[in-house]
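Contents: one structure, followed by commentary.
In the UniProt record's numbering, the protein residues as written are 1 to 120.
As structure tokens, this is what we get:
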């Protein structure tokens with residue numbers, strides 16, 4: 001984590017080009033939004049999955065994603081900023097596909113599990 005702090009300090013102290021910092025912050029906010037929303041999507045996918053192994057895979061991924069959310073929050077803190085999410089249109093489309101798969105497949109079927117794997 002010390003390397004992360006050093007990198008954040010370098011960005012905020014020495015970067016004369018504020019466009020780079022603005023770009024970085026925008027991307028960080030989009031990542032934060034995506035990771036936060038992914039935790040919800042993965043919970044829903046785990047609940048929609050049929051096989052125990054797939055449910056477990058989605059739950060494991062959700063736990064990892066929750067850790068990612070905390071790391072992104074730490075990056076904001078290291079930069080002296082409040083963590084703020086910014087909607088990411090590209091990932092919203094992927095999340096929407098996940099919801100669509102659930103709506104268009106029958107509960108408790110192998111077809112749904114395969115569709116969830118493809119959507120994930």
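For glycine and all other residues, C-beta sits at the position ideal for the given N, C-alpha and C. Given the structure is predicted, the values throughout are model-derived calculations rather than measurements.
Quick check on the DSSP output: the alpha helix (DSSP H) that includes residue i runs from which residue to which?
i	result
residue 85	No alpha helix (DSSP H) contains residue 85, which DSSP labels as neither H nor E.
residue 113	110-119
residue 107	Run containing residue 107: none; DSSP gives neither H nor E here.
residue 57	52-78
Can you tell which of the options has its C-alpha closest to the C-alpha of residue i?
i	options	result
residue 62	30, 37 and 82	37
residue 43	109, 95, 106 and 110	95
residue 81	18, 19 and 25	25
residue 51	114, 119 and 118	114
residue 90	33, 18 and 22	33
residue 110	58, 73, 48 and 92	48
residue 85	19, 20, 27 and 18	27
Is DSSP giving residue i helix, strand or coil here?
i	result
residue 98	helix
residue 17	coil
Taking all protein chains shown into account, do 16 or more other C-beta atoms lie within 10 angstroms of the C-beta of residue i, making it buried, or fewer, making it exposed?
i	result
residue 29	buried
residue 102	buried
residue 118	exposed
Below 8 Å on the Cβ atoms is my contact criterion, and I expect residue i with residue j to pass it. Report the Cβ-Cβ distance as a whole number of Å.
i	j	result
residue 35	residue 69	5 Å
residue 98	residue 45	6 Å
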